[in-house]
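Novice: Its first residue numbered 1388, the sequence shown is counted upward by one per residue in the numbering used here. Don't be surprised by glycine CBs; every beta carbon is placed ideally from N, CA and C.
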Amino acid sequence: MCLAFPGKIISIRERTAVADFSGIQKEVNVSLINAKIGDYVLVHAGFAIQKIGKEDALEIFKLTRTQKEIVKKIDELAKEIGRGVNIMEVCGTHTQVVSRYGIKESLPENIKLTTGPGCPVCVTDQEDIDAIVSLALTGIPVATYGDVLRVPGYFGSLDNAREKGAKIFSVYSVEETLELQKKYPDLVFFGLGFETTAPMTASAIQKGLTVFSSHKLFIPAMKALLKIGELKIDGFISPGHVSTVIGLKPYKNMKVSQVVTGFEPDDILLAVYMLLKQIKEGRKEAENEYVRSVKKEGNPKAYKSIFEVFDVVDGNWRGFGVIPKSGLKIKNKYKKMDARTKYKDILSKVDFSHSRKPTGCRCGEVIRGLITSKRCPLFKKMCTPENPYGPCMVSTEGACNVEYKYLPKTRL
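1. Would you call residue 1723 buried or exposed, if buried means 16 or more other Cβ atoms sit within 10 Å of its Cβ?
2. Flag this pair as yes or no: are the beta carbons of residue 1630 and residue 1685 separated by less than 8 Å?
3. Enumerated in chain order, which unbroken segments of the alpha helix (DSSP H) with a length of 4 residues or greater are wholly contained in the segment 1565–1622?
4. Measure the alpha-carbon distance for residue 1645 versus residue 1552 and round it to whole angstroms.
5. CA-CA distance, residue 1581 and residue 1507?
6. Quick check: the segment 1682–1701 against the segment 1496–1513, are there 3 or more CB pairs under 8 Å?
7. At what residues does the beta strand (DSSP E) containing residue 1711 begin and finish?
8. Let me know the secondary structure DSSP gives residue 1488 once reduced to three states.
9. To the nearest angstrom, report how far apart residue 1647 and residue 1640 are at their CA atoms.
10. Please go through the segment 1416–1486 and give each complete beta strand (DSSP E) segment of 3 or more residues, from N-terminal end onward.
11. Run through the segment 1629–1676 for me and flag every whole alpha helix (DSSP H) of 4 or more residues, listed as ranges in chain order.
12. Could you please give me the residues that DSSP links to residue 1406 through a beta bridge?
13. Beta-carbon separation of residue 1395 and residue 1406 under 8 Å?
14. Could you compute how far the alpha carbon of residue 1703 sits from the alpha carbon of residue 1601?
15. Among 1599, 1660 and 1439, whose alpha-carbon lies nearest the alpha-carbon of residue 1462?
16. Going by the DSSP bridge assignment, what does residue 1698 pair with across the sheet?
17. What separation, rounded to the nearest whole angstrom, lies between the Cα atoms of residue 1665 and residue 1505?
18. Please name the residue or residues paired with residue 1557 in a DSSP beta bridge.
19. Which residue from 1743, 1478, 1658 and 1628 puts its Cα closest to that of residue 1542?
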């Protein structure tokens, strides 16, 4: 369920509410916000993570901005700047919107949109994939999000493990995993994603769910891209999902032009315009285009819940290696629910040297924005959504999957 579309709460019972999404009613968990009947909420992975006002909700419904007017303003600014500008979007949903609506093709030739590390499945380290598959092959039941099941590792994917008899479950939310745990007490949840999904996993750990954490903090990856300096980045289209939780403060000291952005084509185009305006004026600020959903303070309750359960550690990222202070490790207080600790004897016998061997897949370079999917020799030949070589082709938010799915579009 996309955060770009609000739902109105029509009933609440304890931590579960029913929200109406333009005639479609769905149950959502409201434990992360103080919600009441009549509130409009934004939902991610089954959890309501932000309340918004009625006027903001109606603004979303109306989508009053005109795309052609924004494109015209972009054209004017691009001519005034008079040089090449490289803008990176770092959210998997933004990647989808950019390709689906042909936004790259709608921009002037000197404005380049590059895809960065916004897909949580894609940046999950290969060693973590091999570890969770190894646990599954020993008979430990594993539950995780659907996109993860087909990510190939040295020992195969979770889907391959299921074919060999392993108990593998695809879930929409961690709440489903808690229900599965009643039937399978030794169930392990493979938790991954950024600050948007980490609060849900933290909540489940506090309820006694065993978790193999591959969760990450997102801002350190943006800083790593700037520090590595492989690619000149003039500005970031920053992630709306993550920002709904963390707010604007974490972006403030990055010394690069940024615009936190929503998920409609109009949002993306307006973000490009705002970034170009910053660049023309010599400003390097964090601005908020997604004001209808992202508050300056974010969601303090959800954000705080992450650090009640997780310690911040160095994290392994596909395509980057170790990024300092980007990983989330389960605190010793909850070590009984930490699969890495609980099953360390099994994991200590796994040979992870194969996890670091190259496979010909260039997903890591795609993630860092160094190449487009088309430059990978496997793309559309040996590597397809039906036969993926790497996570960038597996996940619906992966750059290769998106590139494969959407043909070039005409200008808006």
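Specialist: With the given structure in hand:
1. In the assembly as shown, residue 1723 is an exposed residue. Its beta-carbon has fewer than 16 other beta-carbons within 10 Å.
2. Taking C-beta atoms as the reference points, residue 1630 and residue 1685 count as a pair closer than 8 Å.
3. Listed in chain order, the complete alpha helix (DSSP H) runs (minimum 4 residues) inside the segment 1565–1622 are 1585–1593 and 1606–1615.
4. Between residue 1645 and residue 1552, the C-alpha separation is close to 47 Å.
5. Our two residues, residue 1581 and residue 1507, have alpha carbons roughly 7 Å apart in a direct line.
6. Counting Cβ pairs under 8 Å, fewer than three are found: no touch.
7. Following the DSSP letters along the chain, one finds residue 1711 inside the beta strand (DSSP E) bounded by residues 1708–1717.
8. DSSP places residue 1488 in coil when its eight states are reduced to three.
9. Between residue 1647 and residue 1640, the C-alpha separation is close to 15 Å.
10. Correct list: 1427–1431, 1434–1439 and 1472–1476.
11. Correct list: 1652–1668.
12. When beta bridges are read from the DSSP output, residue 1406 appears opposite 1396 and 1413.
13. In this structure, residue 1395 sits near residue 1406, with a CB-CB distance shorter than 8 Å.
14. The alpha-carbon atoms of residue 1703 and residue 1601 are separated by roughly 9 Å.
15. It is 1660.
16. Answer is 1716, bridged to residue 1698.
17. Taking the straight line from one Cα to the other gives about 23 Å.
18. Answer by DSSP bridge pairing, in chain order: 1531.
19. For residue 1542, the closest alpha carbon among the candidates 1743, 1478, 1658 and 1628 is that of 1743.
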